[in-house]
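Quick notes on the structure that follows.
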Amino acid sequence: MSNDETIKNAKILIIDEDVNMMEIISEILKGYGHTVSTFTEPVSAIEELKANKYDILLVNYLMSPVNGDRVVELVREFDKEIYIILMSMHKDLTPSIETMQTLDIQAYFEKSSRFDQLIIMIQSGIKYIEQLRKVKSINLKLDHYLFDFAQILLNTITAKDNYTGEHSKRVTSYCRLFAKFLELDDISTDNLLKAASFHDVGKIGIPDSVLLKEGKLTDEEYDTIKLHPVIAANIFSVSDIFKDIVPIIKHHHERYDGNGYPDKLKGENIEYLARVLSLCDSFDAIVSRRSYKDERSIQSALEEIKRCSGTQFDPNLADKFIVSVNNNINDIQSIIDNNG
Ligand SMILES: [Fe+2]
Ligand SMILES: [Fe+2]
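Counted the way the numbering used here counts, the sequence shown spans residues 6 to 345.
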């Protein structure tokens with residue numbers, strides 16, 4: 006497989022109990038320049054498919070102890086991309102249309118048919134995979150552009166309010182450490198870190214007279230600042246690409262007791278990752294110096310978090326956060342000292 010999504014030689018795996026038939030098919034496909042691996046039983050074939058990327062799977066429908074449709078079901082759990090051709094010896098032993106659709110089986114080959122039909126199926130399989138990879142790479146580029154756009158927004162606010170940029174970097178670093186401590190999976194970690202980077206982007210919609218004000222804010226000004234999570238949620242609802250991070254950003258100022266904003270969500274109704282972000286965000290606010298308050302030590306910040314556990318913060322997560330900070334005290338200090 007080459008990098009430009011054009012497949013010259015497909016990697017094909019065949020599973021069939023009928024060794025002779027499998028050898029015939031394998032030789033024909035090799036003649037067309039494809040790389041072929043053959044397996045007489047499904048268990049080791051599935052292990053091989055997990056370990057190495059294949060383009061096309063040819064699997065016999067009727068096998069023991071596991072039938073081809075069950076094999077496909079297992080393969081689809083970890084590989085949604087592979088092009089699957091189900092094979093059968095007899096016309097009357099074909100899988101149902103429902104089975105074909107449910108398991109995303111793209112083609113069916115009757116072994117009594119001419120082999121040139123199989124070659125045509127393999128060629129359309131290769132075209133299908135090439136298209137799929139092209140679409141995937143276009144989407145990846147689009148994802149990239151949109152996150153660049155979000156970064157431009159953050160840089161724009163940072164240009165006038167340096168604190169927001171540095172604070173976002175530090176919060177993202179605390180989130181990275183806390184995600185590791187919580188053993189979050191890769192997707193949740195990625196969503197958390199993106200949300201952390203951009204959680205205060207909504208401040209772009211706050212007038213400078215309020216955003217940059219030195220000293221304490223009036224109640225009215227504070228109400229204006231409180232709009233920033235909704236402004237960010239509106240900005241990021243331009244694309245589905247942000248759909249998993251919007252609820253985290255929108256609710257990073259909700260409180261566990263339901264007295265937060267903007268939606269006064271309570272307890273576990275607040276998205277889990279928003280509760281995680283809220284701890285990291287508040288921790289940074291406490292240890293940072295602002296025009297209206299002095300910075301506080303890490304231990305003093307942890308005491309404050311303990312005091313607000315169950316009211317502002319999810320008590321279970323607050324306990325874990327305190328342990329996580331104490332376990333990573335040197336890293337946390339260096340994030341504070343180096344601004345991220
Ligand atoms: Fe915020
Ligand atoms: Fe923040």
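Ideal Cβ positions, reconstructed from N, Cα and C, are used throughout, including at glycine.
Considering only their Cβ atoms, is the gap separating residue j from residue i smaller than 8 Å?
i    : j    : result
L182 : K325 : no
I275 : E259 : yes
D166 : K208 : yes
V235 : E226 : no
K231 : Y297 : no
A15  : I127 : yes
I51  : Y88  : no
L108 : D74  : yes
A237 : I254 : yes
L123 : I29  : no
Measuring only the C-alpha atoms, how far is residue i from residue j?
i    : j    : result
S202 : H233 : 14 Å
K248 : S93  : 43 Å
D23  : Q111 : 22 Å
I5   : Y66  : Since the displayed the chain opens at 6 and closes at 345, residue 5 lies outside it and no answer follows.
M68  : V48  : 12 Å
R138 : S129 : 14 Å
L284 : D205 : 15 Å
For residue i, would you say it is in contact with chain B, using Cβ-to-Cβ distances shorter than 8 Å as the test?
i   : result
L34 : The question asks about chain B, but that chain is absent: this structure has only one protein chain.
Within its chain, find whatever has a CB closer than 7 Å to the CB of residue i; leave out the 5 residues flanking it on each side and keep chain order.
i    : result
S7   : Any reading at S7 is ruled out, since the residue's pLDDT is 41, under 50, leaving its predicted position unreliable.
I291 : R301, A306 and E309
L198 : T177, C180 and R181
N25  : none
L151 : S244 and I246
Can you give me the Cβ contacts of residue i inside the same chain, cut-off strictly under 6 Å, excluding the 5 residues immediately before and after it?
i    : result
E171 : N344
F241 : F247 and V251
D319 : Y261 and R280
By Cβ distance below 8 Å, which residues in the same chain neighbour residue i in space, the five residues on each side in sequence not counted?
i    : result
M105 : L91 and Y113
I303 : V292, V330, I334, I337, Q338 and I341
D213 : K165
Residue range of the beta strand (DSSP E) that residue i falls in?
i   : result
M27 : Counting along the chain, M27 falls outside any beta strand (DSSP E), though it belongs to the alpha helix (DSSP H) covering V24 to G36.
Terminal residues of the continuous alpha helix (DSSP H) containing residue i?
i    : result
M105 : I102 to T107
K16  : Looking at the DSSP string, K16 is not in any alpha helix (DSSP H); the run it does join, the beta strand (DSSP E), is K16 to I20.
Y133 : F120 to K165
Output the residues surrounding ligand 4, defined as those with a CB atom closer than 7 Å to any ligand heavy atom, in chain order.
By its list of ligands, the structure shown excludes ligand 4, since it contains just ligand 1 and ligand 2.
Can you find at least 3 beta carbon pairs, one from the segment 77–91 and one from the segment 38–46, that sit closer than 8 Å?
no
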